[in-house]
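Just so we're aligned, residue 33 is where the sequence shown starts under my numbering, counting upward by one.
A virtual CB, placed ideally from N, CA and C, is assigned to each residue, including glycine.
Worksheet for the structure shown next.
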Amino acid sequence: MKINLKSLFCFKKKPKEEPSGKIDYDQHVDFYYSCLINSIILFALNVSQLDELSEPTFDPLFELESEIDYAFTPVIFETVFRNKRIDILLRQELLEFKKEIDDIPQELWEWEYLNTHQVWNKIRAKANLLLDKLEIIDRNYNK
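So, in structure tokens, the structure goes:
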């Protein structure tokens with residue numbers, strides 16, 4: 033006589049599940065979109081505008097670097113396009129903007145250069161142009 037130990041001890045075959053840790057990114061698309069827009073807005077601001085955002089818990093220079101990295105995380109970035117929050121025609125231009133940010137030499141990530149160095153002036157102009165193309169009228173950063 034054969035005894036099925038699995039059924040005796042209540043071991044049942046589980047139905048196939050999606051890989052653990054998978055998040056439904058689509059349900060958070062509005063948040064991801066606002067992160068992307070906010071990151072571009074930060075790069076459109078000059079030093080005095082960035083300085084106005086300073087608080088004990090908010091360092092604009094840190095936010096310049098970290099917000100754009102988060103917004104351009106591939107799965108988050110692609111979620112915004114998959115859900116048509118931004119026209120796919122702007123995808124490549126946004127990726128080129130991110131590359132320009134990534135190419136800024138570390139020594140230029142200082143307050144003293146944000147208004148004066150041509151790299152930062154070019155970045156600021158490009159950020160404003162992107163915001164125009166995205167039809168973003170309100171250039172206020174939303175904390």
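To the nearest angstrom, how far is the alpha carbon of E110 from that of Y173? Position 78 of the sequence shown holds residue 110. Position 141 of the sequence shown holds residue 173. Their Cα atoms are separated by approximately 22 Å.
Is there at least one non-hydrogen atom of the ligand SAM closer than 6 Å to the beta-carbon of P137? For the ligand SAM, the structure offers nothing, since it holds no ligand at all.
Return yes when the Cβ of K131 is within less than 7 Å of the Cβ of F104, no when it is not. Sequence index remark: in the sequence shown, residue 104 carries index 72 (1-based). Sequence index remark: in the sequence shown, residue 131 carries index 99 (1-based). For F104 and K131, no; Cβs fall outside 7 Å.
Distance check for A159 and E97, CA to CA, integer angstroms please. In the sequence shown, counting from the first residue as 1, residue 97 sits at position 65. In the sequence shown, counting from the first residue as 1, residue 159 sits at position 127. Each residue's alpha carbon lies about 14 Å from the other.
Of the residues V61, I169 and K175, which one's Cα is nearest the Cα of R114? For the purposes of this step, residue 114 is identified with residue 82 of the sequence shown, where counting begins at 1. If we check each option's Cα against that of R114, V61 comes out closest.
Let's test the definition: count the other Cβ atoms within 10 Å of the Cβ of L82 and tell me whether it reaches 16, buried, or not, exposed. Within the sequence shown, residue 82 is the residue found at index 50, counting from 1. With 16 or more other Cβ atoms within 10 Å, it is buried.
Let's test the definition: count the other Cβ atoms within 10 Å of the Cβ of E167 and tell me whether it reaches 16, buried, or not, exposed. The residue labelled residue 167 in the question sits at position 135 within the sequence shown. E167 should be labelled exposed.
Where E97 falls: helix, strand or coil (DSSP): Counting from one through the sequence shown, the residue named residue 97 turns up at place 65. Correct three-state label for E97: helix.
Per DSSP, what are the beta-bridge partners of F90 in this structure? Along the sequence shown, one-based indexing puts residue 90 at 58. Its beta-bridge partners are E87.
According to DSSP, is K116 part of a helix, a strand, or is it coil? In the sequence shown, counting from the first residue as 1, residue 116 sits at position 84. Three-state DSSP puts K116 in coil, outside helix and strand.
Cα-Cα separation between E22 and D164, rounded to whole angstroms: Outside the displayed span of the chain (33 to 175) sits residue 22, for which this structure offers no information.
Go through the region 117 to 144 residue by residue and report every complete run of the alpha helix (DSSP H) that reaches 4 residues or more, in order. 123 to 134
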